[in-house]
């Protein structure tokens, strides 16, 4: 591990869907939060813009369907336009991100109505065979079902399973990247709270959202290598 005082253990709890027989053992994986804050770590490079594929009604989706449906696991996240007024309800998600180890696919919801990309997205997210991994996925199940009639299946929230005794709250992507890769994940608050409902995403938005999904998959792979993840037969 890149950082090391064994004061806080990452242990996986049984928080998956009822009936899931997955067994996770990461008892040898440790990190110290104070060390993470104090360390001068190199910057996590992130995904290249050329490896980000924006899917809307005009973009062909055959490559995305083929790559994602062939995967055993994909990185997963969503973005929504923030609400700032009291009582204002979110109309999101406005963007759904899925990532393989080499590419990230951004599904721009407002521009997918009637397009085959929605069928692709639904097939992947509802597949019990493909594991969807991400951070902070608490609201995604509800919003995807209410807006898009998509029922998530086989989802793993890394923020919850990487949490152990002595660690209050969910583990974030920044802590996980520092722990597993010895690098700093830079996340712009300005970009994170930008207008995700816009028809034309900026390069910063594309990279920010793509990294959110792909870094989750990379952390999951590193976590699985460090411990053991046994999937049900």
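In my numbering, the protein residues as written are 99 to 331.
Even for Gly, the Cβ is constructed at its ideal location relative to N, Cα and C.
Can you tell me the Cα-Cα spacing of residue i and residue j, whole angstroms?
| i | j | result |
| --- | --- | --- |
| residue 325 | residue 317 | 12 Å |
| residue 310 | residue 175 | 7 Å |
| residue 153 | residue 220 | 14 Å |
| residue 276 | residue 208 | 35 Å |
| residue 248 | residue 300 | 27 Å |
| residue 166 | residue 172 | 7 Å |
| residue 145 | residue 308 | 7 Å |
| residue 272 | residue 283 | 5 Å |
| residue 320 | residue 197 | 16 Å |
| residue 199 | residue 184 | 40 Å |
| residue 119 | residue 252 | No answer about residue 119 holds up, because its pLDDT of 37 lies below 50 and its placement is not dependable. |
| residue 260 | residue 169 | 23 Å |
| residue 331 | residue 258 | Annotation note: pLDDT 35 at residue 331 (below 50); position unreliable, coordinate value reported separately. Residue 331 and residue 258: Cα-Cα distance of roughly 24 Å. |
| residue 240 | residue 201 | 26 Å |
| residue 256 | residue 245 | 24 Å |
| residue 214 | residue 160 | 9 Å |
| residue 141 | residue 237 | 29 Å |
| residue 285 | residue 227 | 31 Å |
| residue 274 | residue 312 | 13 Å |
| residue 306 | residue 287 | 10 Å |
| residue 270 | residue 189 | 25 Å |
| residue 268 | residue 231 | 14 Å |
| residue 297 | residue 164 | 26 Å |
| residue 235 | residue 225 | 17 Å |
| residue 278 | residue 323 | 11 Å |
| residue 229 | residue 177 | 20 Å |
With a cut-off of 8 Å on the beta carbons, I'd call residue i and residue j a contact; round off their distance for me.
| i | j | result |
| --- | --- | --- |
| residue 294 | residue 179 | 5 Å |
| residue 314 | residue 233 | 6 Å |
| residue 191 | residue 254 | Not a contact, Cβ separation roughly 19 Å. |
How far does the alpha helix (DSSP H) with residue i in it extend, from its first residue to its last?
| i | result |
| --- | --- |
| residue 271 | 271-279 |
| residue 246 | 238-246 |
| residue 315 | 301-324 |
| residue 219 | 214-223 |
| residue 288 | 287-290 |
| residue 165 | 160-167 |
Would you mind stating whether residue i and residue j have Cβ atoms separated by less than 7 Å?
| i | j | result |
| --- | --- | --- |
| residue 281 | residue 139 | yes |
| residue 304 | residue 194 | no |
| residue 291 | residue 302 | no |
| residue 210 | residue 250 | no |
| residue 203 | residue 162 | yes |
Checking the sheet assignment: what are the DSSP bridge partners for residue i?
| i | result |
| --- | --- |
| residue 194 | 176, 205 |
| residue 150 | 202 |
| residue 141 | 282 |
| residue 295 | None, per the DSSP bridge assignment. |
| residue 91 | There is no way to answer for residue 91, as the model of the chain reaches only from 99 to 331. |
At which residues does the beta strand (DSSP E) containing residue i begin and terminate?
| i | result |
| --- | --- |
| residue 255 | 253-255 |
| residue 229 | 229-232 |
If you measure from the CB of residue i, is any heavy atom of the ligand NAP nearer than 6 Å?
| i | result |
| --- | --- |
| residue 287 | The ligand content of the structure shown is nil, which means the ligand NAP is not present either. |
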